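Report on the following structure.
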Amino acid sequence: MRLLRDNASLTRPAHIEADLAGMFTNEDASSFAAFWLLIHRSRFGRSGTPATDCLVEHWRETGARLGEAARDRLASQVREALKVLGSGFLSAN
Numbered sequence: 033m034r035l036l037r038d039n040a041s042l043t044r045p046a047h048i049e050a051d052l053a054g055m056f057t058n059e060d061a062s063s064f065a066a067f068w069l070l071i072h073r074s075r076f077g078r079s080g081t082p083a084t085d086c087l088v089e090h091w092r093e094t095g096a097r098l099g100e101a102a103r104d105r106l107a108s109q110v111r112e113a114l115k116v117l118g119s120g121f122l123s124a125n
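Residue numbers (our numbering): 33 to 125.
Written out as structure tokens, the structure reads:
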């Protein structure tokens, strides 16, 4: 099952996907419960409210914000690691 979201981004998935047949075949109740809780009607807001005012959108926005912060913190660490590796390669050769 795939639940699609209207999304202009070409780099990020715009859907929630689950293998319901696999969950039932393997009697994977915990995966089904997690999926059910994720796609439950209450996660998508009330009729007459803006689409951006629902839990799923709040989760998406929080994830994007936290992901950007993590990326920014990692960028300097990656630069430092590349400098160390480059220096090591140069000194070894």
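Note that beta-carbon positions come from the ideal geometry of N, C-alpha and C, so glycine has one too.
On a predicted model such as this, the values are computed, not experimentally measured, just so you know.
Here DSSP, grouped into helix, strand and coil, assigns GLU59 to coil. One thing to note: LEU87 has its Cβ within 8 Å of the Cβ of ARG75. Taking the C-beta atoms as reference points, ARG37 is found nearer than 8 Å to ALA46. Look at the stretch 72-114 and you find no whole run of beta strand (DSSP E) that is 3 residues long or longer. By the neighbour-count criterion, in which a residue is buried when 16 or more other Cβ atoms sit within 10 angstroms of its Cβ, MET33 is exposed. For GLY77, the closest C-alpha among the options PHE67, ALA66, THR43 and TRP91 is that of TRP91.
With fewer than 16 other Cβ atoms inside 10 Å of its own Cβ, PHE56 counts as exposed. Distance check between THR43 and each of ALA96, GLU89 and LEU122 places ALA96 closest, using alpha-carbon atoms only.
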